[in-house]
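**Q** Protein chains in written order, with the working numbering: chain A, 1 to 210; chain B, 1 to 210.
2 protein chains.
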Amino acid sequence: MVGNSLGTKLVEGGHSVFLGSRSAASEAGQAWLRSVEGRGQIGTFAEAAAFGEVVTDATNGANTLTALRLAGAENLRGKILIQAANPLDVSKGFPPTMTVCDTDSLAEQTQREFPEARVVKALNTINCAVMVNPGLLAEDHDLIICGNEAAAKAEVTKWLGEWFGWKAERVIDLGDIAQARGTEMYLALWTRLWGALGTPHFNLRIVRAA
Amino acid sequence: MVGNSLGTKLVEGGHSVFLGSRSAASEAGQAWLRSVEGRGQIGTFAEAAAFGEVVTDATNGANTLTALRLAGAENLRGKILIQAANPLDVSKGFPPTMTVCDTDSLAEQTQREFPEARVVKALNTINCAVMVNPGLLAEDHDLIICGNEAAAKAEVTKWLGEWFGWKAERVIDLGDIAQARGTEMYLALWTRLWGALGTPHFNLRIVRAA
């Protein structure tokens, strides 16, 4: 769902989009391709990663590392990898628990296993409809990112502005990739706010002292 | 620090406040008592819990259960226990890790061990200066609470309005006490936002769809 949303919005913006999955022409992939009237490509994780100038990880967090292994370290080398995935274990019901947290994170696992990928954790704190359309919400709100490389975070901030309309001044950089423990663990609150508010269409606006 | 802030604000509001600690007349307690010009009482956890119509848990989360055992189940019976404590392990540096998370929470441990206390998790998502003065921040912002008993949550919402100025319409009730996993795990983000923003004086304003 996240990959489809991101892909559709990027296609609409005139970008060349290649959606990867386990199988080259999955049913979900074909449905997406029809929905964008053929203005995109679908294939394996490895084909998608090889194609991309930038790679976005919108996988199910419990299977992210498996998917990235299928994508292949050689296809991720030197590329910015925007990780929107969260390590949620949805197998035991809602709200989900986490497959990793507190002393490690999916983002750190990813950066460790793919040291030549330039991992930027971003977009994982919001629903996909808000990701691609921050103006959906009634007021400006904040995107919290992190990653080891300042240049990669600056690029991602610029892209998220160009692609989706995120304002650079509303991007909060927490620091290195280990800070993803914070944004991933926030999902434990995010899923419950979704339940309490009755909608996933919300986000945080950090209010500071007057 | 949290207990002192809450105690001082309540004393200033004309309430009778009894601060408990391990020792009956701790140095910190005596310093607080001087700071409020004797308009309060200090003593043991048990004395404080016995005194209170309502009990606020502002302990160091790693030692909360120990402190509550010293307070005594008989002194908590039937009383609303506002738990501002968080299960943070600060022994290994900053940002802290958690002593419990994901599949359990300090609030649930507390409610399980003290089934006759009416535990309401509240105020744990903000710095103590913001707890007692929500107007410190530039815009309205949200207080996220939970607990098993609707009547107790309604009382706490009313009190937080009367005591500190929290607006009832900005209180978000996540549901039963297990939802405290969400507000406690948010501390992993809160501590990092503190680092990134350079101040603990901030809070979340949840922005919804237009």
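A virtual CB, placed ideally from N, CA and C, is assigned to each residue, including glycine.
Please read all numbers here as calculations on a predicted model, not as lab measurements.
Nearest-angstrom Cα distance between alanine 129 of chain A and glycine 161 of chain B?
**A** The residue labelled residue 129 of chain A in the question sits at position 129 within the first sequence. The residue labelled residue 161 of chain B in the question sits at position 161 within the second sequence. One C-alpha to the other measures close to 35 Å.
**Q** Just to confirm the assignment: which complete alpha helix (DSSP H) runs, minimum length 4, are found wholly within the stretch 57-135 of chain B?
**A** 64-71, 73-76, 106-113 and 128-131
**Q** CA-CA distance, serine 16 of chain B and alanine 84 of chain A?
**A** As a first step, residue 16 of chain B must be located in the second sequence, where it is residue number 16. As a first step, residue 84 of chain A must be located in the first sequence, where it is residue number 84. One C-alpha to the other measures close to 50 Å.
**Q** Measure from the alpha carbon of isoleucine 144 of chain B to the alpha carbon of each residue in B/Ile126, B/Leu137, B/Lys158 and B/Glu155, then state which is nearest.
**A** Numbered from 1 along the second sequence, position 144 holds the residue referred to as residue 144 of chain B. That would be B/Ile126, whose Cα lies nearest to the Cα of isoleucine 144 of chain B.
**Q** Our contact map puts glycine 40 of chain B next to leucine 6 of chain B with C-beta atoms below 8 Å; I'd like the distance itself, whole angstroms only.
**A** Walking along the second sequence from the start, residue 40 of chain B turns up at place 40. Walking along the second sequence from the start, residue 6 of chain B turns up at place 6. No, glycine 40 of chain B and leucine 6 of chain B are not in contact; Cβ-Cβ is about 11 Å, not under 8 Å.
**Q** Could you name the residues that DSSP lists as bridge partners for phenylalanine 18 of chain A?
**A** As a first step, residue 18 of chain A is located in the first sequence; it is residue number 18 there, counting from the start. BP columns for phenylalanine 18 of chain A point to A/Gln41.
**Q** So is isoleucine 145 of chain B in contact with chain A if we call contact Cβ pairs under 8 Å?
**A** Position 145 of the second sequence, counted from the start, is the residue given in the question as residue 145 of chain B. Judged by the 8 Å Cβ criterion, isoleucine 145 of chain B is not in contact with chain A.
**Q** Just list the beta strand (DSSP E) runs in the stretch 139-203 of chain B, keeping only unbroken ones of 3 residues or longer that don't cross its boundaries, in chain order.
**A** 143-147 and 171-173
**Q** Could you list which residues in chain A have their beta carbon closer than 7 Å to that of arginine 192 of chain B, in chain order?
**A** Locating residue 192 of chain B in the second sequence gives position 192, counting from the first residue. Neighbours of arginine 192 of chain B on chain A, chain order: Leu174, Gln179 and Gly182.
**Q** Assuming isoleucine 80 of chain A and alanine 152 of chain A make a contact with CB atoms under 8 Å, what is their CB distance in whole Å?
**A** Here residue 80 of chain A corresponds to residue number 80 of the first sequence, with the count starting at 1. Here residue 152 of chain A corresponds to residue number 152 of the first sequence, with the count starting at 1. Right, the Cβ-Cβ distance comes to about 5 Å (below 8 Å), so this counts as a contact.
**Q** Could you compute how far the alpha carbon of proline 95 of chain B sits from the alpha carbon of glutamine 179 of chain A?
**A** The residue given as residue 95 of chain B occupies position 95 in the second sequence. The residue given as residue 179 of chain A occupies position 179 in the first sequence. Pairing proline 95 of chain B with glutamine 179 of chain A, the inter-Cα distance amounts to about 9 Å.
**Q** Note down, in chain order, every chain B residue with its Cβ under 8 Å from the Cβ of methionine 98 of chain A.
**A** For the purposes of this step, residue 98 of chain A is taken as the residue at position 98 of the first sequence. By Cβ distance, chain B contributes Asp102.
**Q** Mark threonine 66 of chain A as exposed unless 16 or more other C-beta atoms lie within 10 angstroms of its C-beta, in which case mark it buried.
**A** Numbered from 1 along the first sequence, position 66 holds the residue referred to as residue 66 of chain A. Threonine 66 of chain A comes out exposed.
**Q** Look at threonine 56 of chain B and isoleucine 82 of chain B and say whether their C-beta atoms are less than 8 Å apart.
**A** Along the second sequence, read from residue 1 onward, the residue named residue 56 of chain B stands at position 56. Along the second sequence, read from residue 1 onward, the residue named residue 82 of chain B stands at position 82. The answer is yes: Cβ separation under 8 Å.
**Q** Specify, as a first and last residue, the run of the alpha helix (DSSP H) that glycine 213 of chain B falls within.
**A** Nothing can be reported for residue 213 of chain B, as the shown portion of chain B is limited to 1 through 210.
**Q** Beta-carbon of leucine 123 of chain B versus every beta-carbon of chain A: anything under 8 Å?
**A** Your numbering for residue 123 of chain B matches position 123 in the second sequence. It does not: the Cβ of leucine 123 of chain B has no partner Cβ on chain A nearer than 8 Å.
**Q** Alanine 31 of chain A lies in the alpha helix (DSSP H); which residues open and close that run?
**A** What you label residue 31 of chain A is simply residue 31 of the first sequence in a count that begins at 1. Counting along the chain, the alpha helix (DSSP H) containing alanine 31 of chain A begins and ends at 27-35.
**Q** Closer than 7 Å, Cβ to Cβ, to anything on chain B: give me those residues from the stretch 134-160 of chain A, in chain order.
**A** Going along the stretch 134-160 of chain A in chain order, one finds Leu136, Leu137, Ala138, Glu139 and His141 with a Cβ nearer than 7 Å to chain B.
**Q** Residues of chain A with CB under 8 Å from isoleucine 206 of chain B, in chain order?
**A** As a first step, residue 206 of chain B must be located in the second sequence, where it is residue number 206. Within 8 Å Cβ-Cβ: Leu193, Leu197, Phe202, Asn203, Leu204 and Arg205.
**Q** If arginine 205 of chain B and valine 171 of chain A are in contact, beta carbons under 8 Å, what's the gap, nearest whole angstrom?
**A** Residue numbering aside, residue 205 of chain B sits at position 205 when the second sequence is read from its first letter. Residue numbering aside, residue 171 of chain A sits at position 171 when the first sequence is read from its first letter. Wrong, their Cβ atoms sit about 17 Å apart, outside the cutoff.
**Q** How do the stretch 189-201 of chain B and the stretch 110-122 of chain B stand: do at least 3 beta-carbon pairs fall below 8 Å, yes or no?
**A** Contact between the stretch 189-201 of chain B and the stretch 110-122 of chain B is absent, because fewer than three Cβ pairs lie under 8 Å.
**Q** Check alanine 209 of chain A in the structure and name its three-state DSSP category.
**A** As a position in the first sequence, residue 209 of chain A is number 209, starting the count at 1. Of the three classes helix, strand and coil, the one that applies to alanine 209 of chain A here is strand, per DSSP.
**Q** When we look at the beta-carbon of lysine 9 of chain A and count the other beta-carbons within 10 Å, is it buried (16 or more) or exposed?
**A** As a first step, residue 9 of chain A is located in the first sequence; it is residue number 9 there, counting from the start. With 16 or more other Cβ atoms within 10 Å, it is buried.
**Q** Select from B/Trp166, B/Ala31 and B/Ile177 the residue whose C-alpha is nearest the C-alpha of asparagine 148 of chain B.
**A** Within the second sequence, the letter at position 148 stands for residue 148 of chain B. Nearest of B/Trp166, B/Ala31 and B/Ile177 to asparagine 148 of chain B, Cα basis: B/Ile177.
**Q** Kindly indicate if chain B contains any beta-carbon less than 8 Å away from that of alanine 62 of chain A.
**A** For the purposes of this step, residue 62 of chain A is identified with residue 62 of the first sequence, where counting begins at 1. No, alanine 62 of chain A lies away from the interface with chain B (no Cβ there is under 8 Å from its Cβ).
**Q** Rounding to the nearest angstrom, what Cα-Cα distance links histidine 201 of chain A and alanine 209 of chain B in this structure?
**A** In the first sequence, residue 201 of chain A corresponds to position 201, counting from 1. In the second sequence, residue 209 of chain B corresponds to position 209, counting from 1. The alpha-carbon atoms of histidine 201 of chain A and alanine 209 of chain B are separated by roughly 6 Å.
**Q** Beta carbon of serine 91 of chain B: closer than 7 Å to some heavy atom of the ligand GTP?
**A** This structure lacks the ligand GTP, and indeed carries no ligand of any kind.
**Q** Can you have a look at threonine 44 of chain B and say buried or exposed, based on whether 16 or more other CB atoms are within 10 angstroms of its CB?
**A** Numbered from 1 along the second sequence, position 44 holds the residue referred to as residue 44 of chain B. By the C-beta density criterion, threonine 44 of chain B is buried, having at least 16 other C-beta atoms within 10 angstroms.
**Q** Distance cutoff 8 Å, beta carbons only. Does alanine 209 of chain A sit that close to anything in chain B?
**A** The residue you call residue 209 of chain A lines up with position 209 of the first sequence. Yes, alanine 209 of chain A lies at the interface with chain B (some Cβ there is under 8 Å from its Cβ).
**Q** Leucine 189 of chain B versus chain A: which residues are under 7 Å apart at the beta carbon?
**A** Position 189 of the second sequence, counted from the first residue, corresponds to residue 189 of chain B. Near leucine 189 of chain B (Cβ distances below 7 Å), the residues of chain A are Gly182, Thr183, Met185 and Tyr186.
**Q** Quick check on this structure: which residue in B/Gly182, B/Asp173 and B/Ser35 has the alpha carbon closest to the alpha carbon of glutamate 155 of chain B?
**A** Looking up residue 155 of chain B in the second sequence gives position 155. Among B/Gly182, B/Asp173 and B/Ser35, the Cα nearest to that of glutamate 155 of chain B is on B/Asp173.
**Q** Would leucine 106 of chain B and threonine 183 of chain A be called neighbours here (beta carbons separated by less than 8 Å)?
**A** Numbered from 1 along the second sequence, position 106 holds the residue referred to as residue 106 of chain B. Numbered from 1 along the first sequence, position 183 holds the residue referred to as residue 183 of chain A. No, these two residues do not count as a Cβ contact at 8 Å.
**Q** Under 8 Å by Cβ, that's how I've got glycine 61 of chain B and threonine 99 of chain B pegged, so tell me the actual separation to the nearest angstrom.
**A** Against the second sequence, residue 61 of chain B aligns to sequence position 61. Against the second sequence, residue 99 of chain B aligns to sequence position 99. Indeed they touch by this definition, with Cβ atoms about 7 Å apart.
**Q** Identify which residue in B/Glu47, B/Ser23, B/Ala150 and B/Lys167 has its Cα closest to the Cα of methionine 131 of chain B.
**A** Locating residue 131 of chain B in the second sequence gives position 131, where the first residue counts as 1. If we check each option's Cα against that of methionine 131 of chain B, B/Lys167 comes out closest.
**Q** Determine, using beta carbons only, whether aspartate 102 of chain A and arginine 34 of chain A come nearer to each other than 8 Å.
**A** For the purposes of this step, residue 102 of chain A is identified with residue 102 of the first sequence, where counting begins at 1. For the purposes of this step, residue 34 of chain A is identified with residue 34 of the first sequence, where counting begins at 1. Not in contact: aspartate 102 of chain A and arginine 34 of chain A (Cβ atoms no closer than 8 Å).
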